[in-house]
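Notes follow the structure.
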């Protein structure tokens, strides 16, 4: 029993606790905060910064919301930053409902609502721009919440997060919210260095347990042997690693057997999965919960070992035979029967998501009741009231609405933002039960599900198919399990040939998602820093970045590895000692011979490539060719040449009517035309109908056996065979003479006759590999020392050469008038736009043409369309585009001289559509005969608006150009570009 003094002290502490803002905030919640949430709130109220790393759905945003509460209680401002506009919109709605719409504002690239409010939600780029501009909105700022701060690893936009963290005033407290990363402590150490006292709070506990399954045909099987959630699997792997091995959790033997054998059929119909499902749940002894999250009493069954898992020819392999795949409608029905809806199925393809919805509708799959369909129709009707009726067909509105009424939808960047927001709203309300989404949905948006399905474990990264990482797997499956609704979440991987269950187990149980900085100085960043701090201090500021922090830490480990390697090299040298002579010399001769033979083969390859390039230069419009390799493989007809390029890339229309660039990488030797098509003088290729017509002409020419240009039908085949033969000079060439000499010297060397020669050679090969590795480590050591500052100096060299920086008599670098313009330009092509403005390229264009020309600074074409130059709408726009391309060519030459990453090539694919839209065309006419989706066009249009606003804000520019930019914004800002679910919420 406690003493009176102890009881008095406890009561005093309770009273003091009740008077804290943390207690007042907790009283507004309808649940008790978890320990990590309480820790984060305590740190903030104590005046510290905080980094909270926790799984998706764990509730880390509570700490961010407390920062907002604390700011309001203290009469200060709070900024809440997010990486994407959709998440900003969502938080704006949440905070408006919680704190009142008069106290909450929103700032994104194209939206400004109540920007001087006490609480402002914004994208991170907006805050970065404010800091560089010294905006008055920053006055009285007390707290900044950086949601999804792990986004700083993004190679395209991640640097912005570091800029904000470095440049925020020291008195501003930061609450950084991150997904679970494996180096949270390292990131926290950096925050502590640049921001002052920062507490790191890491929680790997999921409030809703997550179970892992593999869908094999119609069987939904557990991934792990026993009742292991992901959290249990991670703990088991960590304990295993601590004990000196890296064995993961035990994988279901039935899945392993299936992976090894996949027998054609036969065997018993027994097996643990079917028995478990018969009991309606997970099959835990003594009771548990079924998949839908309800209690049940299990009947108990044998221990999960030995024969219970099935033997060869039995189990799931026997039950299903070769039928291990399942259609998308079957999969949704299976999840529905198990009580596992609502579900998000991740398909790493927009077309795949749309096809999945169509397949479910074709299968007459209904997931909604009559009452739910009425509610869905009302929501859709309200959202659609803002749309132009003439746009509904091109938007795919009726198909989209039909899917929603069935309880099924797609979610990807090609959808109109309005459509995506309606899908999100209906899914959260439980009216849409199955969503097929691309991975962009995994980022931030509050859209949890009971189950998450992954169709495959690899994706196309823009260049090739790559496996998803454990971090990506965690981010995707983290959406499964709704706190306060589900007692457990479920992650399902679909079985496909070649799937390794152990790899799935590794993805599910590893927590190897390190936060790696993507920070690098840009032109805009550099000129802004120099204007505010001067070059010397700017260099010091950049050296405080997380990128340099990580580089400096890695130097210690690199130096240790170099020392270890040097010791090993000495041992290898002793082991390869030969009594007949200098084996080091002999080994070098062997390496020289190997390198010479490789170089000769490479020379032959270069010759083939050169001949291929020459054959591309010789092609003319109308030539029909047979492409041997790559995604363009097959017949194609040349529609435009590229004679001036060092590496010619003629434009072709493929057999299936796609417009592509043909390069030497598609060939293994010279390309010879196989037929010829007479093309009209004024050929259009920008429309789908046009390309289909051209492809049809090509098919006709091939079917009729028309000869290639300049040949008759009889001689064409022989001439093609002759031109396809490649001859190389051999024997008396310098390379062959050197190879012959090296072989002679090798045979004459004393060590060549050593009986232990191959034993010594193995040690020599090890020595060579380790020497090469050590030299590479030494180069890394050199490169990582002051790496960020070196890049900054190179960028300053480019800016100085182009007249954006000048040097005072005392040696200080300062921005020139042109450099001051560059300070207001943000984007991947910031310096190219500054050069364009300086040369007056846009000055004579009307507003619609300015809108069209501005697209070349923001648009990113698909990889296969990159570099294609379409016919532009007017001669004035054509001249402006040509000037921009010429400036880009000069800029990249200078960047290469200064060893700076080159600026992305300006892309012209959006010029025509944007010009039509700015001149008042309907959405249908704007994107007709293009491959642009409505959502893509809206996204690019908003980025063009943001860019035009930047230009219009530069006071030193010509007044007429600024007026034209403002008018261009008005022309673009209409119809679907404006429409959004975003409304001011009522009190």
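Residue numbers (this note's numbering): 39 to 1025.
Glycine included, C-beta positions come from ideal geometry on N, C-alpha and C.
Source: prediction; values computed, not measured.
Apart from the 5 residues on each side of it in sequence, residue 941 sits with its Cβ closer than 7 Å to the Cβ of 867, 869, 870, 926, 929, 930, 933 in its chain, given in chain order.
Per DSSP, residue 621 has no beta bridge partner at all. Three or more beta-carbon pairs separated by less than 8 Å link the stretch 207-216 to the stretch 76-92, which places the two stretches in contact.
Within the DSSP bridge table, the entry for residue 120 names 161 as partners. In its chain, beyond the 5 residues on either side, 603, 606, 607, 610 have a beta carbon closer than 8 Å to the beta carbon of residue 808. With contact defined as three or more Cβ pairs closer than 8 Å, the stretch 485-498 and the stretch 372-386 are in contact. Here residue 398 carries a helix assignment [DSSP, helix/strand/coil].
Excluding its 5 nearest sequence neighbours in each direction, residue 806 has C-beta neighbours in its own chain below 8 Å: 625, 629, listed in chain order. One alpha carbon belongs to residue 559, the other to residue 197, and they sit about 8 Å apart.
The secondary-structure analysis by DSSP pairs residue 528 across a beta bridge with 249, 489. When DSSP states are grouped into helix, strand and coil, residue 57 belongs to the coil group. The way I'd put it, the stretch 114-124 does touch the stretch 165-185; three or more beta-carbon pairs between them come closer than 8 Å.
Burial state of residue 579 is buried, judged by a 10 Å Cβ sphere holding 16 or more other Cβ atoms. Taking a C-beta distance under 9 Å as the contact criterion, residue 971 and residue 452 qualify as a contact pair.
With 16 or more other Cβ atoms inside 10 Å of its own Cβ, residue 526 counts as buried. An exposed status is given to residue 47, since fewer than 16 other beta-carbon atoms sit within 10 Å of its beta-carbon. Straight-line measurement puts the Cα of residue 909 at about 25 Å from the Cα of residue 999.
The stretch 97-108 makes contact with the stretch 59-67, as at least three CB pairs between them are under 8 Å. Residue range 843-845 is occupied by the beta strand (DSSP E) that includes residue 845.
A straight line joining the alpha-carbon of residue 691 with that of residue 818 spans about 45 Å. Judged by beta-carbon spacing, residue 221 lies beyond the 9 Å limit of residue 252, meaning their Cβ atoms are not closer than that value.
The C-alpha of residue 162 is placed about 10 Å away from the C-alpha of residue 126. With the rule of 3 Cβ pairs closer than 8 Å, the stretch 517-532 does not count as touching the stretch 563-578. Residue 973 and residue 455 do touch by the CB rule: their CB atoms are close to 7 Å apart, below 8 Å. The DSSP assignment places 539-547, 561-580 as complete runs of the alpha helix (DSSP H) inside the stretch 514-595, in order along the chain (cut-off: 4 residues). Cβ-Cβ distances below 7 Å link residue 679 to 657, 658, 659, 688 in the same chain, with the five nearest sequence neighbours on each side left out; the list follows chain order. Counting of Cβ neighbours within 10 angstroms places residue 615 among the exposed residues, the total staying below 16.
Annotation: the continuous alpha helix (DSSP H) that includes residue 1010 extends over 997-1010. In terms of Cβ geometry, residue 924 and residue 773 do not form a close pair [threshold 9 Å].
Ranked by Cα distance from residue 83, the options 1008, 106, 622, 984 are led by 106. Shown here, residue 385 sits in coil according to DSSP, grouped into three states, outside any helix or strand.
Following the DSSP letters along the chain, one finds residue 857 inside the alpha helix (DSSP H) bounded by residues 855-860. The Cβ neighbour count for residue 718, taken over all protein chains shown within 10 Å, is under 16; the residue is labelled exposed. Counting C-beta pairs closer than 8 Å gives fewer than three between the stretch 574-589 and the stretch 874-891, which falls short of the contact rule.
Partner residues in the beta bridge of residue 260, as assigned by DSSP, are 251. Judged by their CB atoms, residue 190 and residue 556 are nearer to each other than the 9 Å cut-off.
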